[in-house]
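What the sequence shown shows, in this note's numbering, is residues 1058 to 1148, in sequence order. Beta carbons: idealized from backbone N, C-alpha and C, even for Gly. These notes concern the structure reproduced below.
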Amino acid sequence: HRTRHRNGVLIYLSVADRKLAVIGDEAINQKVPENFWNDVLGLLKLHLAAGRAAHGLVEAVHMVGEKLRTHFPLKHDDTDELPNEVSFGRR
């Protein structure tokens, strides 16, 4: 999916497969420090290891949101181009 400003972020967590990823689109990748996504992953991993998955996800979303707000402040014509919901995959 492409957003108008190319600043979308995907936080992917698969407990069953033990997979974790944080992926930023082109424009946000150009704005954040090189190690930023690894820092977000590190935060998530710490919380997951301590059994605090939900808290870790909240903290990760907050951390990413702060960067987005800094580099892509909300404008009057902004719309949600991608869903913000949690996807639980197929059951």
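*asked:* Considering Cα atoms alone, identify which of L1098, G1108 and P1090 is closest to Y1069.
replied: L1098
*asked:* Between V1121 and V1066, how many whole angstroms is the CB-CB distance? I'm expecting something under 8 Å.
replied: 5 Å
*Quick one: residues in its chain with C-beta nearer than 7 Å to the C-beta of E1138, no 5 flanking neighbours on either side, listed in chain order?*
T1060 and R1061
*Thinking C-alpha only, which one of L1103, A1084, D1096 and P1140 is nearest D1127?*
A quick correction: the sequence has Thr, not Asp, at residue 1127. That would be A1084, whose Cα lies nearest to the Cα of T1127.
*To the nearest angstrom, report how far apart K1088 and E1123 are at their CA atoms.*
12 Å
*asked:* One question on the structure: do G1113 and L1125 come within less than 9 Å of each other, judged by their Cβ atoms?
replied: no
*Exposed or buried, which one is V1115 when buried takes at least 16 other CB atoms within 10 Å?*
exposed
*Which residue's Cα is closest to the Cα of N1064: S1071, V1079, R1075 and L1105?*
V1079
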